[in-house]
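In the order they appear, the protein sequences are chains A and B. In terms of our numbering, the first sequence has 60 at position 60, counting the first letter as 1, and numbering is strictly consecutive. Count along the second sequence from 1, then add 116; that gives the number in our numbering. The C-beta atom is built at its ideal place from N, Cα and C for all residues, glycine as well. Only one structure is covered here, and it is reproduced in the block below.
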Amino acid sequence: DAGVTQSPTHLIKTRGQQVTLRCSPKSGHDTVSWYQQALGQGPQFIFQYYEEEERQRGNFPDRFSGHQFPNYSSELNVNALLLGDSALYLCASSLAGRGSNTGELFFGEGSRLTVL
Amino acid sequence: QKEVEQDPGPLSVPEGAIVSLNCTYSNSAFQYFMWYRQYSRKGPELLMYTYSSGNKEDGRFTAQVDKSSKYISLFIRDSQPSDSATYLCAMESGGSYIPTFGRGTSLIVHP
Numbered sequence: 001d002a003g004v005t006q007s008p009t010h011l012i013k014t015r016g017q018q019v020t021l022r023c024s025p026k027s028g029h030d031t032v033s034w035y036q037q038a039l040g041q042g043p044q045f046i047f048q049y050y051e052e053e054e055r056q057r058g059n060f061p062d063r064f065s066g067h068q069f070p071n072y073s074s075e076l077n078v079n080a081l082l083l084g085d086s087a088l089y090l091c092a093s094s095l096a097g098r099g100s101n102t103g104e105l106f107f108g109e110g111s112r113l114t115v116l
Numbered sequence: 117q118k119e120v121e122q123d124p125g126p127l128s129v130p131e132g133a134i135v136s137l138n139c140t141y142s143n144s145a146f147q148y149f150m151w152y153r154q155y156s157r158k159g160p161e162l163l164m165y166t167y168s169s170g171n172k173e174d175g176r177f178t179a180q181v182d183k184s185s186k187y188i189s190l191f192i193r194d195s196q197p198s199d200s201a202t203y204l205c206a207m208e209s210g211g212s213y214i215p216t217f218g219r220g221t222s223l224i225v226h227p
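This is the structure:
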């Protein structure tokens, strides 16, 4: 059973460029959340997608956008990159309406973005 | 003040020690409490999940929640070098499936 897969694992961009990160959720999961984890910090919630729509959004600017496809996979796009966008970007999948398993997220290994 | 506070450490202990990791929080609406383990260069993985106050035990791991004090703990018995990782507490009010994370505590268990 494949877990959450993310690509690319590492990438380097320069300020002002745009980046697209990709995520395939765990088999059977229908909800994808994206997190940003700066060095030495905990994951910060960016947004969550369910049924191809953004369901909730954290405190991130509009430069951060996303998409969910009919097969539940997802993309995170960041425009006009800033040095401060350098971080590990984590994708987490879950199953909506799963009752007592609230908060049980399955994370991928992340995409490490460096902005120069 | 952050919603979830967690000492970043590092916490260094000898093999076999009992480890205590803690978080405090300010949002009284939190009802679901989790501990995630994150190895270097990996994504977090769920270790323990607790609803409301009380204790939960799973092998060498025990999670405690004290909602009156807004304080949660994770105890690791007979710690092993393989337990060396960053431990993230996380909590959620319920229904959103979007937990708020602490910054993580780095644990080093040396042989």
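Pairwise C-alpha distance: residue j and residue i
i, j, result
"VAL181/B", "TRP151/B", "11 Å"
"LEU11/A", "PHE64/A", "17 Å"
"ASP199/B", "GLU75/A", "33 Å"
"TYR165/B", "ILE188/B", "11 Å"
"HIS89/B", "ALA133/B", "Residue 89/B lies beyond the range of chain B shown here (117 to 227); nothing can be said about it."
"GLU51/A", "TYR72/A", "8 Å"
"ARG15/A", "ALA87/A", "14 Å"
"PHE191/B", "ALA206/B", "15 Å"
"GLY99/A", "GLY210/B", "Note that GLY99/A scores 45 on pLDDT, short of 50, meaning its location in the model is unreliable; the coordinates nonetheless yield the value given after this. Distance between the alpha carbons of GLY99/A and GLY210/B is about 10 Å."
"PHE146/B", "THR140/B", "11 Å"
"GLY159/B", "GLY108/A", "5 Å"
"SER169/B", "GLY84/A", "38 Å"
"ASP62/A", "VAL129/B", "44 Å"
"GLU54/A", "VAL78/A", "15 Å"
"GLU121/B", "ALA38/A", "16 Å"
"ARG193/B", "LEU223/B", "13 Å"
"LEU116/A", "VAL19/A", "13 Å"
"GLN41/A", "GLN48/A", "20 Å"
"GLN36/A", "PHE60/A", "10 Å"
"LYS186/B", "TYR155/B", "27 Å"
"GLY218/B", "GLN17/A", "30 Å"
"GLY110/A", "VAL4/A", "9 Å"
Element boundaries [beta strand (DSSP E), containing residue i]
i, result
"THR202/B", "201–208"
"ASP182/B", "177–182"
"LYS13/A", "10–13"
"TYR213/B", "Run containing TYR213/B: none; DSSP gives neither H nor E here."
"SER195/B", "No beta strand (DSSP E) holds SER195/B; DSSP gives it neither H nor E."
"PRO130/B", "127–130"
"LEU116/A", "Neither: LEU116/A is in no beta strand (DSSP E) and is coded neither H nor E."
"ALA87/A", "87–94"
"THR4/A", "Going by the sequence as given, residue 4/A is Val instead of Thr. First-last for VAL4/A: undefined, no H or E at that position."
"LEU223/B", "221–226"
Cβ distance (whole Å) where residue i is taken to contact residue j below 8 Å
i, j, result
"PRO43/A", "VAL32/A", "Contact doesn't hold; Cβ gap of about 14 Å is too wide."
"PHE106/A", "ALA96/A", "Not confirmed; about 14 Å, so no contact."
"TYR203/B", "GLY175/B", "At roughly 15 Å, the Cβ-Cβ gap does not stay under 8 Å, so TYR203/B and GLY175/B are not in contact."
Sequence-distant residues of the same chain with beta carbon closer than 6 Å to residue i, five excluded per side
i, result
"SER7/A", "ARG22"
"ARG57/A", "PHE47"
"GLY125/B", "THR221 and SER222"
"ASN138/B", "SER189"
Spatial neighbours of residue i in its chain, beta-carbon cut-off 7 Å, leaving aside the 5 residues before and after
i, result
"GLU161/B", "TYR152 and ARG153"
"ASP30/A", "TYR50, TYR72, LEU95 and ALA96"
Interface partners of residue i on chain C, CB under 7 Å
i, result
"PHE45/A", "Among the chains of the structure shown, chain C does not appear; the protein chains present are A and B."
Close-in-space but distant-in-sequence residues of the same chain around residue i (CB under 8 Å, 5 per side omitted)
i, result
"GLU131/B", "SER195, GLN196, PRO197, VAL225, HIS226 and PRO227"
Query raised in the report: Can you give, in chain order, each stretch of the beta strand (DSSP E) that sits fully within the region 135–169 of chain B and has at least 3 residues?
Result: 135–141, 148–154 and 161–167
Query - Segments of 3+ residues assigned as beta strand (DSSP E) that fall wholly inside the region 15–77 of chain A - result: 19–24, 31–37, 44–50, 53–57 and 64–68
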